[in-house]
Amino acid sequence: MSGKPRLTYFNGRGRMEAIRWLLAAAGVEFEEIFLETKEQYEKIIKDGVLMFQQVPLVEMDGMKMVQTRAILSYIAGKYNLYGKDFKERALIDMYVEGISDLMQMILIFPFSPPEAKEKNLDSVKERATNRYFPVFEKVLKQHGQDFLVGNKFSWADVQLIETILAVEEKIPAVLSGFPQLQAFKIRMSNMPTIKKFLQPGSPRKPPPDEHYIETVLKIFKK
Amino acid sequence: MAGKTKLYYFDGRGKMESIRWLLAAAGVEFEEEFLETREQYEKLLQSGYLLFQQVPMVEIDGMKMVQTRAILNYIAAKYNLYGKDLKERALIDMYVGGTEDLMGFILLFPFLSAEDKEKQRAFIVQKATSRYFPVYEKILKDHGQDFLVGNNFSWADVHLLEAILMVEEKKSDVLSGFPRLQAFKARISSIPTIKKFLEPGSQRKPVPDDKYVETVRRVLRMYHDVKAN
Chain A
1 MSGKPRLTYF NGRGRMEAIR WLLAAAGVEF EEIFLETKEQ YEKIIKDGVL MFQQVPLVEM
61 DGMKMVQTRA ILSYIAGKYN LYGKDFKERA LIDMYVEGIS DLMQMILIFP FSPPEAKEKN
121 LDSVKERATN RYFPVFEKVL KQHGQDFLVG NKFSWADVQL IETILAVEEK IPAVLSGFPQ
181 LQAFKIRMSN MPTIKKFLQP GSPRKPPPDE HYIETVLKIF KK
Chain B
1 MAGKTKLYYF DGRGKMESIR WLLAAAGVEF EEEFLETREQ YEKLLQSGYL LFQQVPMVEI
61 DGMKMVQTRA ILNYIAAKYN LYGKDLKERA LIDMYVGGTE DLMGFILLFP FLSAEDKEKQ
121 RAFIVQKATS RYFPVYEKIL KDHGQDFLVG NNFSWADVHL LEAILMVEEK KSDVLSGFPR
181 LQAFKARISS IPTIKKFLEP GSQRKPVPDD KYVETVRRVL RMYHDVKAN
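Each protein sequence line maps, in turn, to chains A and B. Using the working numbering, read the first sequence as starting at 1 and increasing by one per residue. Using the working numbering, read the second sequence as starting at 1 and increasing by one per residue.
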């Protein structure tokens, strides 16, 4: 008996958000357990369900999966969002890894000290506009297709729309030099499963706030 | 036309070493171009071959692949070192994720100040013995098989051996509480392709030294301080 996938994480984006996006894009409903206290976290460590004592944890198909990338790869593979052969998978992996590097900068942003925040924001803007967005703008321009890889919706498209929106929250005009990405953003946002995920009341989490940061720091405090 | 596999990186371990290990384990020959000067790197950047302006880059099967994890995934799948189905692949990905995190602590080690190096060495050993090694020891104990996943040699085994040897370089008796890992280490080291890779004269790179750090900093113009974990 499989039931719905069950996600264990903080009540916020962090590393789990990419997983929520991918499950939602694949049309898969899921349950969530939110870590609120240190005691809760210590209990699940003691229960031995966290292989490396870390979250995200996703229980699905009889497995207790950890390691964000392992979880995402499994979901992509299971729901046919990972290309049709090794070479398409290679392209998807390259794109996803690149986008993740950009997303990583945003992930750590709320935890950087106040005096470093402006510098970090500049770095995000610089990397997005000089290193990452130009690549995907070019990919879309060159093949003129709706999706990044193989003329088919894939994990790479989901990861890119998630990251575009996350960067825009910090730098609203960031797509101004990227017409293909602007069109891509609209196209992806209108796909039924993604459209649903972008509506209020979905499992999508808001940008990290003080309460979220406090909770994470409290739970990980030694 | 497939052509030869060619690696573009510094003459040292870094992020490319896991790729060398996996290619070697799979019995795949490869060439290497070593980045020595800033000019070489800028030429490579201008060529447009580096999708995100970064190395590692591996030319393989007509592709110019970047992103270490993408490259490793491709090699593992191509050479049947990625399990037989989605679930085995998931296990391999989980295990490799753990050894990758562990080796990540060692990756930045050469760039630390002498004082931070001692702190980091202790940190690496502590994480290895309390968080990572116990997991793999238990996996091997629970199923009693020779390999981590599916009773078949896979990328997870190669990656774990690489991690074990790297941690041992920081503390030679670090496996003393892990009898199954000791046996695993002996077993995997004697697999012909791996045995060959562990012999002098192979393309395995030595422990990074100051010259390596200097080269990386010079080529990448990466002069900022690196902090310990």
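Ideal Cβ positions, reconstructed from N, Cα and C, are used throughout, including at glycine. For clarity, every value in this text was computed on a predicted model and none was experimentally measured.
Q | C-beta atoms of B/Leu22 and B/Leu102 nearer than 8 Å | A | What you label residue 22 of chain B is simply residue 22 of the second sequence in a count that begins at 1. What you label residue 102 of chain B is simply residue 102 of the second sequence in a count that begins at 1. No, Cβ-Cβ distance for B/Leu22 and B/Leu102 is not below 8 Å.
Q) Going by DSSP, what residues sit across from B/Phe233 in a beta bridge? A) Look at the range of chain B in this structure, 1 to 229, and you will see that residue 233 of chain B is not part of it.
Q. With distances taken between CB atoms, is the gap from A/Met63 to B/Lys87 smaller than 8 Å?
A. Position 63 of the first sequence, counting from 1, holds the residue named residue 63 of chain A. Position 87 of the second sequence, counting from 1, holds the residue named residue 87 of chain B. Yes, Cβ-Cβ distance for A/Met63 and B/Lys87 is below 8 Å.
Q) Using a Cβ-Cβ distance under 8 Å, would A/Ser73 count as near chain B? A) Counting from 1 along the first sequence, the entry for residue 73 of chain A is found at position 73. It does; some Cβ of chain B falls within 8 Å.
Q: Find the residues of chain A that neighbour B/Ile94, judging by a C-beta separation of less than 8 Å, and give them in chain order.
A: Indexing the second sequence from 1 puts residue 94 of chain B at position 94. A small fix is needed here, since residue 94 of chain B is Met in this sequence, not Ile. Correct list: Met51, Met65, Val66, Gln67 and Ala70.
Q: Determine, using beta carbons only, whether B/Gly98 comes closer than 8 Å to chain A.
A: Translated into positions along the second sequence, residue 98 of chain B becomes position 98. Judged by the 8 Å Cβ criterion, B/Gly98 is in contact with chain A.
Q: With DSSP collapsed to three states, give me the class of A/Ile161.
A: Against the first sequence, residue 161 of chain A aligns to sequence position 161. In this structure, A/Ile161 counts as helix in the three-state DSSP scheme.
(Q) Is it buried or exposed, A/Val96, if we count other Cβ atoms within 10 angstroms and call 16 or more buried? (A) Mapped onto the first sequence, residue 96 of chain A falls at position 96. By the 10 Å Cβ count, A/Val96 comes out buried.
(Q) Extract the residue ranges of the beta strand (DSSP E) inside the region 52–113 of chain B, only unbroken runs of 3 or more that lie entirely within it. (A) 57–60 and 63–66
Q) For B/Arg121, which of helix, strand or coil comes out of DSSP? A) As a position in the second sequence, residue 121 of chain B is number 121, starting the count at 1. In this structure, B/Arg121 counts as helix in the three-state DSSP scheme.
Q. At a Cβ threshold of 8 Å, is A/Phe86 touching chain B?
A. Numbered from 1 along the first sequence, position 86 holds the residue referred to as residue 86 of chain A. Taking Cβ atoms only, chain B reaches closer than 8 Å to A/Phe86, which makes this a yes.
**Q.** Sequence-distant residues of the same chain with beta carbon closer than 7 Å to A/Gln145, five excluded per side
**A.** To locate residue 145 of chain A, count along the first sequence from 1; it is residue 145. Apart from sequence neighbours up to five positions away, the residues of its chain that approach A/Gln145 with a beta-carbon distance below 7 Å are Asn151, ordered along the chain.
Q) Taking only beta-carbon atoms, is A/Lys78 less than 8 Å away from chain B? A) Position 78 of the first sequence, counting from 1, holds the residue named residue 78 of chain A. Yes - at least one Cβ of chain B is within 8 Å of the one on A/Lys78.
Q | Start and end residues, beta strand (DSSP E) containing A/Met188 | A | For the purposes of this step, residue 188 of chain A is taken as residue 188 along the first sequence, with counting starting at 1. Run containing A/Met188: none in the beta strand (DSSP E); it sits in the alpha helix (DSSP H), Pro179 to Ser189.
Q: Taking A/Glu162 as the reference, give the member of A/Leu22, A/Leu91, A/Glu29 and A/Leu7 with the closest Cα.
A: Counted from its first residue, the first sequence places residue 162 of chain A at position 162. With distances taken between Cα atoms, A/Glu162 lies closest to A/Leu22.
Q: State yes or no: is the beta carbon of A/Met94 nearer than 8 Å to at least one beta carbon in chain B?
A: Residue 94 of chain A sits at position 94 when you count from the first residue of the first sequence. Yes, its Cβ sits closer than 8 Å to a Cβ of chain B.
(Q) Is B/Arg180 close to chain A? Criterion is C-beta to C-beta, closer than 8 Å. (A) Mapped onto the second sequence, residue 180 of chain B falls at position 180. Closer than 8 Å: no.
Q: Using three-state DSSP, classify A/Arg20 as helix, strand or coil.
A: Along the first sequence, one-based indexing puts residue 20 of chain A at 20. Residue state, collapsed to three classes: helix.
Q) Does B/Lys141 get closer than 8 Å to chain A when you measure Cβ to Cβ? A) Your numbering for residue 141 of chain B matches position 141 in the second sequence. Closer than 8 Å: no.
Q) On the three-state DSSP scale, how would you describe A/Thr269? A) Nothing in the structure corresponds to residue 269 of chain A, since chain A is present only between 1 and 222.
(Q) Tell me which residues share the same chain as A/Arg169 and place their Cβ nearer than 6 Å to its Cβ, disregarding the 5 neighbours each side in the sequence. (A) In the first sequence, counting from the first residue as 1, residue 169 of chain A sits at position 169. For the record, residue 169 of chain A in the displayed sequence is Glu; it is not Arg. Contacts found: Pro207.
Q: Report yes or no: is there a C-beta of chain B within less than 8 Å of the C-beta of A/Val135?
A: Translated into positions along the first sequence, residue 135 of chain A becomes position 135. Chain B contact via Cβ: present.
(Q) Taking beta-carbon pairs under 8 Å, can you tell me which members of the region 40–52 of chain B lie near chain A? (A) Leu51 and Phe52
Q.
Please identify the residue among A/Thr8, A/Phe10 and A/Glu29 whose C-alpha is closest to the C-alpha of A/Ser202.
A. Residue 202 of chain A sits at position 202 when you count from the first residue of the first sequence. Comparing Cα-Cα distances from A/Ser202 to each of A/Thr8, A/Phe10 and A/Glu29, the minimum goes to A/Glu29.
Q. If we call anything under 8 Å between Cβ atoms a contact, is A/Ala70 one with B/Asp85?
A. Here the question's residue 70 of chain A lines up with position 70 in the first sequence. Here the question's residue 85 of chain B lines up with position 85 in the second sequence. Their beta carbons are not under 8 Å apart, which means A/Ala70 does not touch B/Asp85 by this criterion.
Q: Pick out the complete alpha helix (DSSP H) segments inside the region 34–102 of chain A, 4 residues or longer, and give them in chain order.
A: 38–46 and 68–78
Q: Can you grab the Cα-Cα spacing for the pair B/Lys211 / A/Thr215, in whole Å?
A: The residue labelled residue 211 of chain B in the question sits at position 211 within the second sequence. The residue labelled residue 215 of chain A in the question sits at position 215 within the first sequence. Answer to the nearest angstrom: the Cα atoms are 43 Å apart.
(Q) Here's the rule I'm using: 16 or more other beta-carbon atoms within 10 Å means buried, otherwise exposed. How should B/Tyr223 be labelled? (A) Reading the second sequence from its first residue, position 223 is the one you call residue 223 of chain B. Exposed.
Q. Name the DSSP bridge partner or partners of A/Glu32?
A. Position 32 of the first sequence, counted from the first residue, corresponds to residue 32 of chain A. Note: A/Glu32 is bridge-paired with A/Leu7 in the DSSP secondary-structure output.
Q. Taking Cβ-Cβ distances below 7 Å as the criterion, which residues of the region 53–76 of chain B are in contact with chain A?
A. Gln53, Met63, Met65, Val66, Gln67, Arg69, Ala70, Asn73 and Tyr74
Q) For A/Asn151, which of helix, strand or coil comes out of DSSP? A) For the purposes of this step, residue 151 of chain A is taken as the residue at position 151 of the first sequence. Correct three-state label for A/Asn151: coil.
Q. Contact between the region 80–94 of chain A and the region 109–127 of chain A: three or more CB pairs below 8 Å?
A. no
Q: Go through its chain and collect everything with a Cβ distance to B/Pro56's Cβ below 6 Å, but skip five positions before and after it.
A: Position 56 of the second sequence holds residue 56 of chain B. If we look at B/Pro56 and ignore the five residues flanking it on each side, its Cβ neighbours are Tyr9, Lys15, Met16 and Thr68.
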